[in-house]
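Have a look at the structure below, then the notes.
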Ligand code: SAM
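Numbering (our numbering), first residue to last: 6 to 170.
As structure tokens, then:
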């Protein structure tokens, strides 16, 4: 059962504070085969359809070196989500769970993340597999998968700290 914007039995909405501008800029747009939330995957899969991530001007030079990474973390703005539920019923069966214990698109700040496989880089576009968002979803950020990335900057004190402080 996919949610459009209804509230289900047992769910709890709050009066969400008016959004303030955190200074986000959408750096691109994601092109996928899905035009309805009813058709999107719940989570992307590594062998899912190839999707295109379009990078807007002036950000294309920020892709330099990205082809070295087989997997990327993609952050996007789930722009059609409601933002006021604190308890949700994913199965729509009356049982609920807190929003922060779910990966639902409905959240105070509707940020989606996916680990994708990089298929290719073509000018200011990336071809990737593993997405689950609607066609036209705004892009917030791209990063190499943290498991593949070794910091280039020298370590700092905090890198060696372990246990309780
Ligand atoms: N993989 C991301 C994550 O875990 O953060 C998103 C997971 S979320 C469960 C994926 C669902 O969000 C899709 O199945 C679809 O129902 C919904 N969705 C996709 N694109 C959306 C958009 N632009 N606005 C609102 N909902 C969207």
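Just so you know, even glycine gets a beta-carbon here, dropped at the ideal spot from N, CA and C.
What you are looking at is a predicted structure, and each value in this text was computed from that prediction instead of being measured.
- In terms of Cβ geometry, residue 94 and residue 15 form a close pair [threshold 7 Å].
- Judged by beta-carbon spacing, residue 32 lies beyond the 7 Å limit of residue 131, meaning their Cβ atoms are not closer than that value.
- Taken through DSSP and simplified to helix, strand or coil, residue 68 comes out as helix.
- As a beta-bridge residue in DSSP terms, residue 82 pairs with 116.
- Rounded to whole angstroms, the Cβ separation of residue 124 and residue 55 is 6 Å, and the two are in contact under 8 Å.
- Under DSSP, residue 76 shares a beta bridge with 122.
- In this structure, the ligand SAM has no non-hydrogen atom nearer than 6 Å to the beta-carbon of residue 59.
- DSSP, read as helix, strand or coil, puts residue 96 in coil.
- Around the beta carbon of residue 157, a 10 Å sphere encloses fewer than 16 other beta carbons of the protein chains shown; the residue is thus reported as exposed.
- Taking non-hydrogen atoms of the ligand SAM into account, the C-beta of residue 40 is found less than 6 Å away from none of them.
- Remark: the shortest separation between the CB of residue 84 and any heavy atom of the ligand SAM falls under 6 Å.
- Residue 104 sits in a helix when the DSSP states are folded into three classes.
- When secondary structure is reduced to three states using DSSP, residue 33 falls in the strand class.
- Here residue 46 really is in contact with residue 137; their C-beta atoms are around 4 Å apart, less than 8 Å.
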